[in-house]
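Participant: Residue numbers (my numbering): 20 to 153. Glycine residues also receive a C-beta, built at the ideal position from the N, C-alpha and C atoms. The model shown is predicted, which means the values in this text are computed figures rather than measured ones. Would you mind keeping the following structure in view while I ask a few things?
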C-alpha cells in the first residue's frame with residue numbers, strides 16, 4: 020500500500036470512527052432511558068413515538084457498528100444521513116433559539132459527512148474493501 024493510500028485509508032477509518040461515536044453514545048443513552056426518550060419524541064409532536072424510538076436505537080447502534088467495521092458502509096451511511104437530516108427537521112427547527120440553530124447546522128454537517136462516505140466508500144481499512152465493495 021502506497022503512503023498516500025495508507026494515509027487516505029487511515030483518515031477514512033478515523034472519520035468513520037468519529038461519526039460513529041456520537042451515534043453510539045446517543046444510542047446507548049436511549050437504551051438507558053426508553054421512557055424519557057419516547058416522551059421527548061412525543062413532546063416534539065412526531066408520529067408513532069415508540070416506533071420512532073425503536074428505529075432510532077437500531078439506526079444509531081446498528082449503523083454505527085457497521086460504520087466502524089466498514090461493512091455495508093455506504094448503505095449504513097445513507098441510512099444515518101437520512102436519519103440525521105430527519106432529526107434536524109424534527110427536533111431543531113426553533114430558529115429563534117440559537118442553541119437549536121447550532122444543533123440544526125451540526126446535523127447538516129454530519130449529514131454531509133455521511134454523504135461523503137456514500138459517495139466515496141469506506142476506504143481501505145474496512146470489511147467492504149476486503150469484500151471488494153469499495
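1. So, at 6 Å on beta carbons, what are the nonlocal neighbours of residue 35 in its own chain, with the 5 sequence-adjacent residues on each side left out?
2. Could you check whether residue 38 and residue 140 sit closer than 8 Å to each other, using their CB atoms as the reference points?
3. What do you reckon, are the CB atoms on residue 137 and residue 97 nearer than 8 Å?
4. Quick check on this structure: which residue in 126, 150, 143 has the alpha carbon closest to the alpha carbon of residue 29?
5. Between the stretch 95-109 and the stretch 69-87, are three or more C-beta pairs nearer than 8 Å?
6. Starting from the C-beta of residue 49, find all residues in its chain whose C-beta is less than 8 Å away, skip the five residues before and the five after it, and write them out in chain order.
7. Indicate the three-state DSSP secondary structure (helix, strand or coil) for residue 122 in the structure shown.
8. Got a sec? Which residues, its chain only, sit under 7 Å from residue 106 by beta carbon, not counting five neighbours each side?
9. Buried or exposed, going by whether 16 or more other CB atoms sit within 10 Å of the CB of residue 31?
10. Check whether the Cβ atoms of residue 130 and residue 146 lie closer than 8 Å to each other.
Facilitator: Let me lay it out:
1. Excluding five sequence positions before and after residue 35, the CB atoms of its chain that fall closer than 6 Å to its own CB belong to 86, given in chain order.
2. No, the pair does not count as a contact, with Cβ atoms beyond the cut-off.
3. Yes; because the gap between Cβ atoms is below 8 Å, this pair is in contact.
4. Ranking 126, 150, 143 by Cα distance to residue 29 puts 143 first.
5. Touching, yes, given that three or more Cβ pairs across the two stretches are closer than 8 Å.
6. The beta carbon of residue 49 sits closer than 8 Å to those of 56, 72, 75, 76, 79, all from its chain and outside the five residues before and after it, given in chain order.
7. The three-state reading of DSSP puts residue 122 in helix, counting H, G and I together.
8. Around residue 106: 126.
9. Taking all protein chains shown into account, residue 31 has 16 or more neighbouring C-beta atoms within 10 Å of its C-beta and is therefore buried.
10. Result no, Cβ atoms of residue 130 and residue 146 do not sit closer than 8 Å.
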